[in-house]
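**Q**
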Amino acid sequence: MPVKDTWKALGYIDEPVPEGIDLKAEIRRLCKKKNAVVLAHYYTIADLQDIADFVGDSLALAQKAAATDADIIVMCGVHFMAETDKILCPAKKVLIPDLNASCSLAESCPADAFAEFVAAHPGHKVISYVNTSAAVKAHTDVVVTSGNAREIVESFPKDQPLIFGPDKNLGNYINSLTGREMLLWDGACHVHERFSVEKLVALKREHPGAQVLVHPECRGAVVKLADVVGSTARLLRHAQESDCREFLVVTESGILHQMQRACPDKTFIPVPPEDAVDEAATEGSSAPAACACNECRYMRLCTLEKVYNTLRYEWPEVDVDPAVAARALRPIERMLDISRQLGL
Ligand code: 13P
Ligand code: SF4
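Numbered according to our numbering, the sequence shown terminates at residue 395, and the numbering increases by one at each position without gaps.
Okay, here's the thing in structure tokens:
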């Protein structure tokens, strides 16, 4: 079927799925028929994590894409992840179920402005978080994720001036760990910036035995309250390996699905964002109770219906301008090489 103008306008396929089908089984059938692989980030909805071939953090998703022999990659995550896959696998068809799945961090760093920032600081090496557009990666020496940022920063000589973008929170955290004074781009993630110190402190008081698991995209005041700081994969691994029975989880709440699945006898409590409405405050009100979870509105755009239609019609496809892709490939490959050498 040709791509309809209405789909183009929406950025996803809004065809109703045939009534009565087993959506999960149909997705698996289409994957087999088309030699497609479904990769999902930990922040996507639980149903998607359950049907994916692989669920992981940003680093593991890039590693998996680089290694797959599938003909089609369906990236259930956000746009920069699909771009990264396309850069690593130019001959493969890379699909994203909803083109609107952006990222507030990536958006906080327009390529032109970043290029000017880099040009204004000659002599600096440029480190970019993977949460950036391909065009920003093209102005970068090495890409990092939250799973390898510290090690990659430390791979540069101590006296090498560095630029780090776009996440100022992750950049500040890595500066504090390494003693570097990297120049930081002023960007942040709308999910991780919203965690409340007050709500976390109150929850710690209520659950004195709980360990606090924090993603480094959170603000410094929140990171200070952590028992463990790390990428989603690192936080999940800690939950599995720790003797502790109870955890306060300070990252996007999609990760709780894997934590609960891996550790059914442990308790995981999602820390709410600062604008979450207390249950007590809504008591007696006719308004629906507010969800206490902190969710990424972009990650949540991906649904089973959209994945099914994406596989069926092989659209929306993500392409990267070949000249940009050629320049962005080097810093991504450099990240993968360093990670491999370090066993990450
Ligand atoms: P990780 O997957 O590296 O933990 O990063 C979280 C994130 O915000 C992905 O967009
Ligand atoms: Fe981007 Fe934040 Fe969503 Fe991750 S959680 S994809 S950093 S907006």
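All C-beta atoms, glycine included, are put in the ideal place defined by N, C-alpha and C.
Computed from a predicted structure; not experimentally measured.
1. For P267, which of G394, V193 and T302 has the nearest alpha-carbon?
2. Residues in the same chain with beta-carbon distance under 7 Å from A332, minus the five sequence neighbours each way, listed in chain order, please.
3. If you count every other CB in all the chains shown that lies within 10 Å of the CB of S24, and 16 or more means buried, which is it?
4. I'd like to check one pair, A162 with E187: are the Cβ atoms closer than 9 Å?
5. Going by beta-carbon coordinates alone, are A220 and M386 separated by less than 9 Å?
6. Report back the beta-carbon spacing between R201 and T229 to the nearest angstrom; my notes put them in contact at under 8 Å.
7. When we look at the beta-carbon of A133 and count the other beta-carbons within 10 Å, is it buried (16 or more) or exposed?
8. Confirm the yes/no value for this check: CB of R94, any heavy atom of ligand 2, distance under 8 Å.
9. Near E334, what residues of its chain come up, given a Cβ to Cβ distance below 8 Å and the 5 sequence neighbours on each side ignored?
10. Does H92 pass the burial test, meaning 16 or more other C-beta atoms within 10 Å, or should it be called exposed?
11. Quick one: what does DSSP say H92 is sitting in, helix, strand or coil?
12. Taking only three categories from DSSP, how would you classify K143?
13. With a cut-off of 8 Å on the beta carbons, I'd call L110 and C127 a contact; round off their distance for me.
14. Would you be able to state if there are at least three C-beta pairs under 8 Å between the segment 274-288 and the segment 253-265?
15. Within the chosen definition, does the segment 75-85 reach the segment 371-389 through at least 3 CB pairs nearer than 8 Å?
16. Could you tell me whether any non-hydrogen atom of ligand 2 is closer than 8 Å to the CB of E268?
17. Please name the residue or residues paired with T191 in a DSSP beta bridge.
18. Would you check whether ligand 2 has a heavy atom nearer than 8 Å to the C-beta of A349?
19. Would you mind stating whether S159 and F215 have Cβ atoms separated by less than 9 Å?
20. What runs of the alpha helix (DSSP H), each 4 residues or longer, lie entirely inside the segment 179-239?
21. Can you give me the C-alpha to C-alpha distance between V125 and R256, rounded to a whole angstrom?
22. What are the boundary residues of the beta strand (DSSP E) that includes L264?
23. Work out the CA separation of T354 and V242 for me, nearest whole Å.
24. Specify whether the segment 66-77 and the segment 373-383 touch according to this definition: at least 3 beta carbon pairs, one from each stretch, less than 8 Å apart.
25. In its own chain, which residues sit with a C-beta less than 7 Å from the C-beta of S293, not counting the 5 before and 5 after it?
26. Report yes or no: do three or more beta-carbon pairs, one from the segment 344-354 and one from the segment 114-124, lie closer than 8 Å?
27. For a test of your reading of the model: does the CB of D136 fall under 8 Å from any non-hydrogen atom of ligand 1? Yes or no.
28. DSSP three-state label for K255, please.
29. Whole angstroms are fine: how far does the CA of M310 sit from the CA of C295?
30. Starting from P173 and walking both ways along the beta strand (DSSP E), at which residues does that stretch end?
31. Only counting the same chain, and skipping five residues up and downstream in sequence, which positions put a Cβ closer than 6 Å to that of I306?
32. Is the CB-CB distance between V273 and V300 below 9 Å?
33. Can you list, in chain order, the residues of its chain whose CB lies under 7 Å from that of F207, leaving out five sequence neighbours each side?
34. What residues does ligand 1 have around it, judged by CB closer than 5 Å to any heavy atom, in chain order?
35. Is there at least one non-hydrogen atom of ligand 2 closer than 8 Å to the beta-carbon of L156?
**A** If we stick to the structure as given:
1. T302
2. The predicted model places A332 with a pLDDT of 43, which falls under 50 and marks its position as unreliable; any figure quoted below should be read in that light. Cβ within range, chain order: n/a, list empty.
3. Because the chain here runs from 52 to 395, residue 24 falls outside it and cannot be looked at.
4. According to the sequence shown, residue 187 is Val rather than Glu. A contact, by the Cβ cut-off of 9 Å.
5. Checking the displayed sequence, the identity of residue 220 turns out to be Asn instead of Ala. Not in contact: N220 and M386 (Cβ atoms no closer than 9 Å).
6. Yes, R201 and T229 are in contact; Cβ-Cβ is about 7 Å, under 8 Å.
7. buried
8. Correcting the residue identity first, residue 94 is Tyr in this sequence and not Arg. At least one heavy atom of ligand 2 is found less than 8 Å from the C-beta of Y94.
9. In this predicted model, E334 has a pLDDT of only 45, less than 50, meaning its place in the structure is not dependable enough to derive any value.
10. Note on H92: 16 or more other CB atoms within 10 angstroms of its CB, so buried under the neighbour-count rule.
11. Annotated three-state conformation of H92 is strand, per DSSP.
12. coil
13. Contact between L110 and C127 is ruled out by a C-beta separation of about 16 Å, above the 8 Å threshold.
14. yes
15. The segment 75-85 vs the segment 371-389: no contact.
16. yes
17. Among the bridge pairs identified by DSSP, T191 is matched with none.
18. In the sequence as presented, Ala is not what sits at residue 349; that position holds Tyr. Answer for Y349: yes, Cβ within range of ligand 2.
19. no
20. 185-188, 200-205 and 219-229
21. 43 Å
22. Q262 to V265
23. 19 Å
24. no
25. Excluding residues within five positions, the ones whose Cβ falls inside 7 Å are Q262.
26. Counting Cβ pairs under 8 Å, fewer than three are found: no touch.
27. no
28. helix
29. 13 Å
30. Taken as a continuous stretch (DSSP letters only), P173 belongs to no beta strand (DSSP E), as it is neither H nor E.
31. Residues of the same chain with a CB within less than 6 Å of the CB of I306, apart from the 5 flanking positions on each side, are Y93 and T283 in chain order.
32. no
33. K176 and L213
34. After applying the 5 Å Cβ criterion, the set is D108, S109, T196, S197, S282 and T283.
35. yes
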